[in-house]
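Encoded structure:
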């Protein structure tokens, strides 16, 4: 979960210096955006605002005070069942890590027991 301020600016700047993405961008971008978006962002190095980052899925929420919103979100999650929260987290991490829908459905069934 990623919370950003409304006035934050984003960029994959390496293209401006003739470099390829680093700082794990090649791992994190594919988890967050479609291939064409990742390619466009890394090849242009353009700067974009928080609203576009939200639209692209790079951030989960926008807030005037990102720290305050993150703490509020953490408290909201903490009020839920810790077992269900942990199982959900494992399920989503595994589902996104695999393109095997059958495996994801099997894990979902197993975690619901």
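Numbering (this note's numbering), first residue to last: 312 to 424.
The C-beta atom is built at its ideal place from N, Cα and C for all residues, glycine as well.
Since the model is a prediction, treat every value here as computed from it, not as a measurement.
Report yes if the C-beta distance between residue i and residue j is below 8 angstroms; otherwise report no.
| i | j | result |
| --- | --- | --- |
| residue 407 | residue 351 | no |
| residue 402 | residue 384 | no |
Throw me the rounded Cβ distance for the residue i and residue j pair, which I believe falls under 8 angstroms.
| i | j | result |
| --- | --- | --- |
| residue 371 | residue 314 | 6 angstroms |
| residue 344 | residue 367 | 5 angstroms |
Figure out for me which residue from the options has the closest Cα to the Cα of residue i.
| i | options | result |
| --- | --- | --- |
| residue 375 | 362, 333, 366, 387 | 362 |
| residue 317 | 373, 405, 379, 381 | 373 |
| residue 364 | 340, 380, 386 | 340 |
| residue 312 | 400, 347, 336 | 400 |
Are the region 319-328 and the region 354-364 touching by the rule of at least three beta carbon pairs closer than 8 angstroms? yes
Unbroken alpha helix (DSSP H) runs of length 4 or more, entirely within the region 327-356: which are they? 336-343, 346-355
Taking contact to mean at least 3 C-beta pairs separated by less than 8 angstroms, is the region 317-326 in contact with the region 358-369? yes
To test your reading of the DSSP string, which unbroken beta strand (DSSP E) runs of 3 or more residues are found completely within the region 357-405? 372-374
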